[in-house]
Structure formats: structure tokens, C-alpha cells
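Structure record follows, encoded as C-alpha cells.
There are 2 protein chains.
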Amino acid sequence: MNIITISREFGSGGREVGKRLADVLGYAYYDREIETEIAKRMHMDVGYVAKAMEQGMTRNIPLHFGRTLASYPMLKQQVDILVEKQRMLKEVAAASDCVIVGRAADVILEEYKPFKVFVYADMAYKLKRCQGYAEMGENLTPREMEKAIKKIDAGRSQYHAMFLDIEWGRKEFYHLCVNTSGMEIKKIVPHIADYARDWFEGSRR
Amino acid sequence: MNIITISREFGSGGREVGKRLADVLGYAYYDREIETEIAKRMHMDVGYVAKAMEQGMTRNIPLHFGRTLASYPMLKQQVDILVEKQRMLKEVAAASDCVIVGRAADVILEEYKPFKVFVYADMAYKLKRCQGYAEMGENLTPREMEKAIKKIDAGRSQYHAMFLDIEWGRKEFYHLCVNTSGMEIKKIVPHIADYARDWFEGSRR
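Right, here's the structure in full:
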């Protein structure tokens, strides 16, 4: 299977890159679908699952989680969610070509040799994009919004650190790092898709 | 003018990326041509000029050069070379669309709004590529070669630090970071060229 993982700074348009890449390539697309499915399987509230996956766990545990689940004082429920998530990601990766946004899929699915993309942008561009996000709260000042963006990314970085010793966002861990500042994402995605196709071809030689 | 700068880890194939990009786009290409021309203009040996530009100056001065030439104990000749280099890069950038590999052109030409690419790769891939480089010395063991590669990159990093406070190779400073590990450069360059075309179009909107 061809697996593409998209890691992204909040507000950089990484989700749009992922969605459009999946459309262009005809791949399945996974983003919040992962939490929704886990919540369904575990009979839990999807909001709780999402929180546990994105930040909840890192509040109570040290920065470096390493790869041993047992040695940290996490709630059993959080461990269960994490285990279920890893199982789900592997199911998904085995089922069909797909694009997965976030969820530390870049690390969790490493054995599947995914094409790993990191999407980032200047703060000015991210602020501009975020003005359109209702979920960010509509009455934030730019300064408050910048703070919120940084907080979300710090959460992602900490979450990532549970699985990997390399700092989140270091280019060495990715195959392609795309700075979307000022770009029209719709236009650049076909080029990323072409690049990915050649990458998959090359990785099988 | 459309200016593309290629910064690259030694052995990653950045030079080949630059050369092929220039071919595909029909742009002028500059790499060692810069030193050759400076040497000609200054009636100096090209080897000396190259050494001074790539590493010579950093041997005697602290890591952060900032932007004031006057405050560091450089040889007058080295300062002259640096000044001539900056003049030449700007001449070149004003003359025609071009691709420039290395030479800290990404920083020196920032006012020309270049499309900035960083090319990197895993050490295993770089070692493999370097086996073909006669100039690396043909009898180096892999361990010696790895040491040599790291030394060259450390020189580039230090040279870059004279002009810019951001660490060399930080993705934030570039528009696209390309990991060439295992890739056939000939195949991926057309996609980078397409990406660059859209970037130039977008940057003028």
C-alpha cells in the first residue's frame, strides 16, 4: 500500500494539503475519522478520545514516553485509547492506499514505509488562515490567536515526543517539507502528488 | 527575475538538483562559476578564492559574524573577496532568471525574494553518492568519508552563520526541503520545477 502521512503546524493548511492529495491520488483520507471510529468502538465520547489523543496524556507524564507504555502513570483508559489507535492506524494502512493527517501516524506506521510530509508556514500566514476557523473562537485578537496556535503545536510536539526521540518537525525525519506561506494549496498539491508517486516508485526499486 | 537558491548537505545531490532545475526551467546556472569569475576579476587563484569563501574565513573568526564586516579580524583580502562575491551575486540575480547553488545566496539575495530550496539526505545515501566523487579522495573508508562529509557541512553551517542568526538547514528559512535519500534526482526535478513556477506566480499576487 502507498501510505502518505501529513504532519503539520496548526494553521499551515496541512489538513487541506492532505485532503486534496487524497482527492488527486484517489487515496482514502483519514483525519478526525480515526477518533470517531475509536470512540464508536470503545463506546466513548469522541471529544474525550480526541483530547486524550492530542494532549490529554501528555499532561500527566514526562516528555519522553519512550516505547514502554507500562512505566508511566497514565489512566488505564488513556492507555486503552492509545492501544486502540495504534491498532486502527495499522488496520487502515493495511486496507488501502491512504493519506493520514496527524495522529503521529508518521511514527506509528513507520514499518509501512510511508511517504512523510511536513507542512509548515510563517506565523503571519497561519494567523491569516486561522481567522477563518470558527473553532478557534471568533473573537480572539491576533496575539491571543498566536498564543493559541503555539499552544496547539506544543501539544503536538509533546505528543510526538512520546513516540520518538527526534524533535517534532525536524526535517531529517520527513521526506518533503513544504512551506505553504503565501501559496495557493490547490495549485501546489498536484506537484506534491507527482513527487509522491515517484517516491513510491523509487522506494520499491 | 526568478531566482532559485539551492542550499544542500554535502553528498545529498543538491548540485545535481540545481543543475537539472536550471536545465528544465531554462534558467542560468551558477555554482563554481562564481569563484571562477571572482578569481578572474581579482587576479587571484581560484582555489584560494574558493577556500576563503567556503571555510577560510571562519577559521579565524567567531561563529556569529552578524552583518558588520569591520568588527572581525579578517584578512583584508578575505573581506575583499566577500564584498566582491556579494556584488557578483547581485549582478547575476539582476541579469536573468537563475539557479544558484550554495554561496549563501539564499541570505545574500534575500531582497530579490528567491525561491529557497534545501536539499538533504540520510548519511547512508550521502556515503553512497560520495563513492563516485573523485575529489573526496578515492581511498577513504566509509568512516573517514562520513567524517569528511560532516566537516564540510560544519564549514557550510559556520559560513552561513556569518550572515544569518538562524541555524543552517532549519526548514523555517526555506520554501521547500527535499530529502533525496533513495530518490532518482532526474525524476523528481520536474516536480520541483513545477512547484517553483507556482511559487513565483503566487509570490507576485
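Chains as they are written, first to last, in the working numbering: chain C, 223 to 427; chain P, 223 to 427. Positions of the beta carbon are idealized from the N, C-alpha and C atoms, including for glycine.
Against Y417 (chain C), the close residues of chain P are I410, H413, in the order they occur along the chain (beta-carbon pairs closer than 7 Å). With distances taken between CA atoms, A346 (chain P) lies nearest to P:K372 out of P:K372, P:L243, P:I322. The DSSP assignment places 298-317, 327-330, 345-352 as complete runs of the alpha helix (DSSP H) inside the region 297-379 of chain C, in order along the chain (cut-off: 4 residues). Contact between the region 320-332 of chain C and the region 238-250 of chain C is established, with three or more Cβ pairs separated by less than 8 Å.
Taking 8 Å as the upper bound for CB-CB distance, L311 (chain C) and L331 (chain C) are in contact here, some 6 Å apart.
In terms of Cα proximity to A376 (chain C), the closest of C:E313, C:W390, C:V400 is C:W390. Per DSSP, the beta-bridge partners of R230 (chain C) are C:V341. Scanning P:A274, P:A261, P:E313, P:K307 for the CA closest to the CA of Q300 (chain P) turns up P:A274. Per DSSP, Y251 (chain P) is one residue of the beta strand (DSSP E) stretching across 250-252.
Residues of chain C with a Cβ closer than 8 Å to the Cβ of S229 (chain P) do not exist; the shortest Cβ-Cβ separation is about 12 Å.
The C-beta of E238 (chain P) comes no closer than 7 Å to any C-beta of chain C. Chain-ordered, the chain C residues with CB closer than 9 Å to the CB of V400 (chain P) read H397, L398, C399, Y417. Contact between the region 392-399 of chain P and the region 398-411 of chain C is established, with three or more Cβ pairs separated by less than 8 Å. At a Cβ-Cβ threshold of 7 Å, H413 (chain P) and H382 (chain C) do not count as neighbours. Taking V339 (chain C) as the centre and dropping the five residues before and after it, the same chain places the C-beta of I228, L398 closer than 6 Å to its C-beta, in chain order. In this structure, C352 (chain P) lies near G233 (chain P), with their beta-carbon atoms less than 7 Å apart. Distances from the CA of G248 (chain P) to each of P:A272, P:E368, P:I226, P:R230 were compared; the closest alpha carbon is that of P:I226.
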